[in-house]
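Student:
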Amino acid sequence: MTQGWPRRVLRYFLIAIAGFVTVSVLLVLLLRVVPVFGSMVMVERKVQSWVSAESLNIRHDWTPWERLSDQAKLAVIAAEDQKFPQHYGFDFDQMRKALMAWRSGDNLRGASTISQQTAKNLFLWTGRNWLRKALEAWFTVLIELLWPKERILEVYLNIAEWDNGVFGLEAAAQHYFGVSASELNTTQASRLAAILPNPREWSASRPSSYVLQRSQWIQRQMRQLGGVRYLERLEP
Numbered sequence: 193m194t195q196g197w198p199r200r201v202l203r204y205f206l207i208a209i210a211g212f213v214t215v216s217v218l219l220v221l222l223l224r225v226v227p228v229f230g231s232m233v234m235v236e237r238k239v240q241s242w243v244s245a246e247s248l249n250i251r252h253d254w255t256p257w258e259r260l261s262d263q264a265k266l267a268v269i270a271a272e273d274q275k276f277p278q279h280y281g282f283d284f285d286q287m288r289k290a291l292m293a294w295r296s297g298d299n300l301r302g303a304s305t306i307s308q309q310t311a312k313n314l315f316l317w318t319g320r321n322w323l324r325k326a327l328e329a330w331f332t333v334l335i336e337l338l339w340p341k342e343r344i345l346e347v348y349l350n351i352a353e354w355d356n357g358v359f360g361l362e363a364a365a366q367h368y369f370g371v372s373a374s375e376l377n378t379t380q381a382s383r384l385a386a387i388l389p390n391p392r393e394w395s396a397s398r399p400s401s402y403v404l405q406r407s408q409w410i411q412r413q414m415r416q417l418g419g420v421r422y423l424e425r426l427e428p
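Dropping the structure here:
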């Protein structure tokens, strides 16, 4: 009996791992083709509001790729992940630079790609620990293998957090500028991209001097990337 116990535990553990792998692969395959109407970050924000006895209305409207502003697509790439068309989910050069800066005494800065952020926002919780980073890496590999680049960016733009309770480009465009996601111009798009690192504290419609400077930097990067023609690199 004593000798059989470790084997049973190992068997159940392997079954659990196999089940998790199967379910996660099937879920990612399903979300390649169906609209994404929510994310784990949305769930987390709602639970946090219940715990703190605060009211939070989630604003989110799924908008397909062709109705998302090309300027917004390019602005987010310029701001967040300029190697997005080339890499396979991880930008190891940026990760190395972030680690070197941390070892030199700077704060540990993020080096997440759009793919990693999509995986984290869609499937996982916020915060930093090794379990979440491991799961983030797993889901990043899955979506890079099973989704085209356009789909990754489409989902990211539809679930990104842009203010308290404001998720996705359509809700953000209406919230800040009173326009639809398809009508965003270069300035508006760059301001939305500029606040992504801290969307619950920064405003795209009432930008601080830092957000304005960051927005202008993003616009310069958009031009250097070649304008919206850069998006052709995302095509399969």
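Per our numbering, residue 193 is the first one in the sequence shown, and the count goes up by one each step. Glycine included, every Cβ here is placed at the ideal spot set by N, Cα and C.
1. Unbroken alpha helix (DSSP H) runs of length 4 or more, entirely within the region 199–278: which are they?
2. Among residues of its own chain, excluding the 5 on either side of LEU361, which ones have a beta-carbon nearer than 7 Å to its beta-carbon?
3. How is ASP285 classed by DSSP in three states: helix, strand or coil?
4. Using the C-alpha atoms, what's the distance from ARG203 back to GLY357?
5. From this set, TRP339, TRP330, GLN308, ARG251, which residue's C-alpha is nearest PRO428's C-alpha?
6. Sort ILE250, GLU272, TYR280, SER397 by Cα distance to PHE229 and report the nearest one.
7. What do you get for TYR422, buried or exposed, if any count of 16 or more other CB atoms within 10 angstroms of its CB means buried?
8. Measuring CB to CB, does GLU328 end up less than 8 Å from LEU337?
9. Quick test of your reading: GLU272 and LEU388, contact by CB under 8 Å. State the CB separation rounded to the nearest angstrom.
10. Any idea what DSSP makes of TRP394, helix, strand or coil?
11. Just to confirm, is the Cβ distance from GLN309 to GLY281 under 8 Å?
12. Note down, in chain order, each residue of its chain lying with its Cβ closer than 7 Å to the Cβ of LEU381, except the 5 sequence neighbours on either side.
13. Taking GLU362 as part of the alpha helix (DSSP H), name the residues at either end of that continuous run.
14. From GLN413 to VAL403, what distance separates their C-alpha atoms?
15. Please report how far the alpha carbon of SER397 lies from the alpha carbon of THR318, in whole angstroms.
16. Considering only the beta carbon of each residue, do LEU345 and SER231 sit closer than 8 Å?
Tutor: Based on what the coordinates show:
1. 232–243, 262–272
2. Along the sequence shown, read from residue 1 onward, the residue named residue 361 stands at position 169. Only THR255, LEU260, ALA264, LEU349, ASN350, ALA373 meet the Cβ criterion.
3. In the sequence shown, the residue the question calls residue 285 occupies position 93. Look at ASP285 here: in three-state DSSP terms it is helix.
4. Translated into the one-based positions of the sequence shown, residue 357 becomes position 165. Translated into the one-based positions of the sequence shown, residue 203 becomes position 11. Rounded to the nearest angstrom, the gap between the Cα atoms of GLY357 and ARG203 is 43 Å.
5. The sequence position of residue 428 within the sequence shown is 236, counting from 1. Looking at the Cα atoms, TRP339 is the closest of the given residues.
6. Here residue 229 refers to the residue found at position 37 of the sequence shown. When only C-alpha atoms are compared, the closest one is ILE250.
7. Residue numbering aside, residue 422 sits at position 230 when the sequence shown is read from its first letter. Buried is the call here.
8. Your numbering for residue 328 matches position 136 in the sequence shown. Your numbering for residue 337 matches position 145 in the sequence shown. Not closer than 8 Å, so no.
9. Position 80 of the sequence shown, counted from the start, is the residue given in the question as residue 272. Position 196 of the sequence shown, counted from the start, is the residue given in the question as residue 388. The C-beta distance from GLU272 to LEU388 rounds to 6 Å, short enough to meet the 8 Å contact threshold.
10. Within the sequence shown, the letter at position 202 stands for residue 394. Per DSSP, reduced to three states, the secondary structure at TRP394 is coil, with no helix or strand assignment.
11. Within the sequence shown, the letter at position 117 stands for residue 309. Within the sequence shown, the letter at position 89 stands for residue 281. No, the Cβ-Cβ distance between GLN309 and GLY281 is not below 8 Å.
12. Taking the first residue of the sequence shown as position 1, residue 381 is located at position 189. It should be noted that the sequence gives Ala, not Leu, for residue 381. Closer than 7 Å at Cβ, skipping near neighbours: SER261, GLN263, ALA264, ALA267.
13. The residue you call residue 362 lines up with position 170 of the sequence shown. Start and end: 361–369.
14. By one-based count along the sequence shown, residue 413 stands at place 221. By one-based count along the sequence shown, residue 403 stands at place 211. Cα to Cα, the separation comes out at about 15 Å.
15. Sequence index remark: in the sequence shown, residue 397 carries index 205 (1-based). Sequence index remark: in the sequence shown, residue 318 carries index 126 (1-based). One C-alpha to the other measures close to 25 Å.
16. The residue given as residue 345 occupies position 153 in the sequence shown. The residue given as residue 231 occupies position 39 in the sequence shown. Not a contact, by the Cβ cut-off of 8 Å.
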